[in-house]
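Before any comments, here is the structure.
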Amino acid sequence: MEADPRAPELTTQDFVAMMNATRMCVLVHDGATKDILWANPAACDMLGWDVTELRPLKADDMSSSAWQYDRVVGRAWLQEAVEKGVGRVEWHYRAKSGRVIPTDAVAVRVELAQGPAVMVQFRDIEREQEIERQLRLTTSWVAALAHHTSALVLMLDSSGTVRFATDTAVAVLGASADEAPGRLTDHVALRMNGRVSTWDDVVDQARPVTSVSLEVPAGDGGEPVWLEGSLERFEEGDGDALLMLLHDVSGRVRDEVRRERELHRENYLARHTAMGDMAMAIAHELGQPLAAAGNFLAGVRPRAQESETATGDPDVAAARLVQGIDGAMRQIERASTIVESVRAFVGHLEHIRQVVDLNAIVEECLYFVRLRAASAGVDVAFEPAARPVPVRCERVLTGQVVLNLCFNAIDEMAQCPRSRRRVVIKTGIEAAAGVLTVDDRGRGFPRNPFEESFTTKEHGSGLGLALSHRVITRQHGRIWAERRAEGGSRFGFALPLADEAELGSGDRR
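The sequence shown begins at 991 in our numbering and counts up by one.
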């Protein structure tokens, strides 16, 4: 673009006026002697000398006393500008007041009428250096925070995407250290006031700060990690930023759960003690009435038989009466056996010497199991071991455990579609123990039911599984519950295996 020939040309006075007006400090040195020829007002203000005072000064008079600002070094820098046209350095000037001023100085060779000169332009960078130092310090602090602190810190945008996370936070979230964590809700479940919440709900409560809890799901069958902290909103020009400060409270949560279970266990023990006292009282009081009822029925039965034979023709009513009396006597005998077993349970169950075939115990229980299953529309299958399973146990109470496990499975199946209502009972021998399992196809269980001392059933006492656990463990066995890979639950117990030769004749098959 050609210059307008009508435009006025700048004069020497114009350039001097501009140099006097600029806030950039300017010193002009003679190219040969390096003496100061001129200084603009900005340079005089910074250094505290006027032009007349500056002209006789040398480098030692107006520079820092540090070795890197020695007169020889200063002259070499100016000479470099004379020879190469330009030279740049960080130079520390010393003002008349004694203040040392760090500057960014550029020396440029200029051709004057009287010969070559060096024009030095410099500016105070003390403030810039302080800012730079603070930035370096802040950067080191951020690096320490990100990589070395145990604190869990997250920076997120309004959508819940993690923009920054400390190493500890990345590790707890289970994210990859080489990739961005992504959305926070991909790794955790958010909670507020003890309830599951969404990211939008949590952000809406951050006005500007709110409390928040996070549950990090457990991996590889471990326990979940619980985090608590705060979420604070910062308004930025290009959208809100959110700071989340967290700390691990998993230990506290586990302690609370443990205390709650201990409380339930104490309640159970109180109920168990009451039940023990009640059982002893009932066993003591029922013995004589049951014996008397048996005696009465035993006395009535011969008369019913005499009535039947006296006519010479079988009396259907009399036959039914005899049948009913026989059934009632069997039930009374069973009730008496249970009462005696309860006494043994409260007494010295640990020293059981009775040897029973586990298959036979199940066979005795199947009638009652199938009776309960029929009303619920549940199919019951028994898969006994191919040979006797001799175990050392109290026969009646162990049968009650079998009934309890089966009844629980049937009650669970009653809540499921009819196509899935099937319970399978199996017996076998594993590792010197007789084993019984009861499989169902139900909903499974959220936690180990043998660690709970309360029931989820509407009309349950919470003592069924607890007493089953007590009966089996006091007989030196073990009882367990587990999830089935194909769905549903498996409850089972194992009792010490005995020698098959110790089985009574009634238990051999």
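Each residue gets a CB set at the ideal place from its N, CA and C atoms; glycine is no exception.
Within 10 angstroms of its Cβ, does residue i collect 16 or more other Cβ (buried), or is it exposed?
{"i": "W1081", "result": "buried"}
{"i": "Q1104", "result": "exposed"}
{"i": "N1183", "result": "exposed"}
{"i": "I1121", "result": "exposed"}
{"i": "Q1465", "result": "buried"}
{"i": "T1129", "result": "exposed"}
{"i": "N1438", "result": "exposed"}
{"i": "S1241", "result": "The question names Ser, but residue 1241 in the sequence shown is Gly. By the 10 Å Cβ count, G1241 comes out exposed."}
{"i": "L1068", "result": "buried"}
{"i": "G1502", "result": "With the chain represented from 991 up to 1499, any question about residue 1502 goes unanswered, as that position is not in the structure."}
{"i": "L1000", "result": "exposed"}
{"i": "L1236", "result": "buried"}
{"i": "R1382", "result": "buried"}
{"i": "P1292", "result": "exposed"}
{"i": "P1106", "result": "exposed"}
{"i": "F1224", "result": "exposed"}
{"i": "L1253", "result": "exposed"}
{"i": "G1212", "result": "exposed"}
{"i": "L1127", "result": "exposed"}
{"i": "L1037", "result": "buried"}
{"i": "G1450", "result": "Only weak support is given to the placement of G1450: the predicted model assigns it a pLDDT of 45, under 50, and the value that follows is read from those uncertain coordinates. Per the 10 Å Cβ criterion, exposed."}
If distances are taken between C-alpha atoms only, which option among the options comes closest to residue i?
{"i": "P1378", "options": "T1151, E1402, L1348 and R1078", "result": "L1348"}
{"i": "A1161", "options": "L1144, R1078 and K1024", "result": "L1144"}
{"i": "A1066", "options": "A1421, A1022, A1456 and Q1119", "result": "A1022"}
{"i": "L1485", "options": "P1436, T1417, H1254 and Q1124", "result": "T1417"}
{"i": "E1073", "options": "A1085, V1108, S1053 and L1287", "result": "V1108"}
{"i": "F1505", "options": "N1285, R1385 and A1033", "result": "For residue 1505 there is no data in the structure shown, the boundaries of the chain being 991 and 1499."}
{"i": "L1395", "options": "V1346, A1456, G1424 and A1422", "result": "A1456"}
{"i": "V1391", "options": "L1356, A1375 and S1409", "result": "L1356"}
{"i": "D1234", "options": "P1171, L1142 and L1068", "result": "The sequence shown places Met at residue 1234, not Asp. Residue L1142 is the option with its Cα nearest to M1234."}
{"i": "P1214", "options": "I1351, G1164, E1250 and W1189", "result": "G1164"}
{"i": "A1159", "options": "D1147, G1150, S1148 and L1174", "result": "L1174"}
{"i": "I1462", "options": "E1420, F1440 and P998", "result": "F1440"}
{"i": "R1362", "options": "L1393, I1351 and C1383", "result": "L1393"}
{"i": "W1039", "options": "Y1083, R1181 and P1092", "result": "Y1083"}
{"i": "L1047", "options": "Q1124, P1279, G1064 and V1247", "result": "G1064"}
{"i": "A1283", "options": "D1051, I1322 and G1077", "result": "I1322"}
{"i": "L1102", "options": "L1027, R1089 and R1468", "result": "L1027"}
{"i": "L1146", "options": "D1230, R1126, R1045 and V1312", "result": "D1230"}
{"i": "I1091", "options": "L1487, W1057, L1125 and I1115", "result": "I1115"}
{"i": "L1232", "options": "Q1003, Q1344 and G1150", "result": "G1150"}
{"i": "A1399", "options": "R1473, G1424 and D1489", "result": "R1473"}
{"i": "A1488", "options": "V1346, Q1119, V1186 and E1402", "result": "V1346"}
{"i": "V1041", "options": "C1015, W1131 and R1089", "result": "C1015"}
{"i": "V1079", "options": "G1088, D1245 and D1094", "result": "D1094"}
{"i": "S1326", "options": "S1203, P1279 and W1216", "result": "P1279"}
{"i": "A1422", "options": "A1011, L1387 and R1468", "result": "R1468"}
{"i": "W1470", "options": "A1011, S1458 and F1483", "result": "F1483"}
{"i": "W1216", "options": "H1019, F1435 and H1177", "result": "H1177"}
{"i": "K1086", "options": "D1316, S1054 and S1166", "result": "S1054"}
{"i": "D1238", "options": "E1250, V1206, R1251 and G1454", "result": "V1206"}
{"i": "S1365", "options": "A1056, V1110, F1397 and E1169", "result": "F1397"}
{"i": "V1018", "options": "A1071, R1061 and D1051", "result": "A1071"}
{"i": "V1386", "options": "D1316, E1353 and S1201", "result": "E1353"}
Across which residues does DSSP place residue i in a beta bridge pair?
{"i": "S1203", "result": "R1181 and E1218"}
{"i": "S1082", "result": "Inspection of the sequence shows that residue 1082 is occupied by His rather than by Ser. Its beta-bridge partners are P1092."}
{"i": "F1481", "result": "V1428 and A1471"}
{"i": "G1105", "result": "L1102"}
{"i": "I1026", "result": "H1019"}
{"i": "Q1321", "result": "Per DSSP, none; premise fails for Q1321."}
{"i": "L1142", "result": "L1236"}
{"i": "Q1111", "result": "V1016 and V1096"}
{"i": "A1231", "result": "D1147 and F1224"}
{"i": "R1460", "result": "Answer is none; R1460 lacks a bridge partner."}
{"i": "F1154", "result": "M1145"}
{"i": "S1053", "result": "Y1083"}
{"i": "E1420", "result": "A1423"}
{"i": "P1279", "result": "BP columns for P1279 are empty, so no partner."}
{"i": "P1502", "result": "No statement about residue 1502 is possible, as the shown extent of the chain runs from 991 to 1499 and does not include it."}
{"i": "D1347", "result": "P1380"}
Are any of the Cβ atoms in chain D nearer than 8 angstroms to that of residue i?
{"i": "Q1069", "result": "Judged by its chain identifiers, the structure shown contains no chain D, having just a single protein chain."}
| message | Could you check whether the region 1000-1013 touches the region 1090-1107, counting it as contact only if at least three pairs of C-beta atoms, one from each stretch, sit closer than 8 angstroms? | response | The region 1000-1013 makes no contact with the region 1090-1107, as fewer than three CB pairs between them are under 8 angstroms.
| said: Please give the ranges of any alpha helix (DSSP H) in the region 1350-1417, keeping only runs that are unbroken, at least 4 residues long and fully inside the region. | reply: For the alpha helix (DSSP H) assignment, the uninterrupted runs of no fewer than 4 residues enclosed by the region 1350-1417 are, from N- to C-terminal side, 1385-1403.
| query | Per the contact definition of three or more C-beta pairs closer than 8 angstroms, is the region 1474-1489 in contact with the region 1424-1433? | reply | Counting Cβ pairs under 8 angstroms, three or more are found: they touch.
| task | Take every Cβ of the region 1185-1198, pair it with every Cβ of the region 1206-1225, and state whether three or more of those distances are shorter than 8 angstroms. | result | Yes, they touch.
| field | Cβ contact (3+ pairs, closer than 8 angstroms) linking the region 1363-1373 and the region 1403-1423 | value | Touching, yes, given that three or more Cβ pairs across the two stretches are closer than 8 angstroms.
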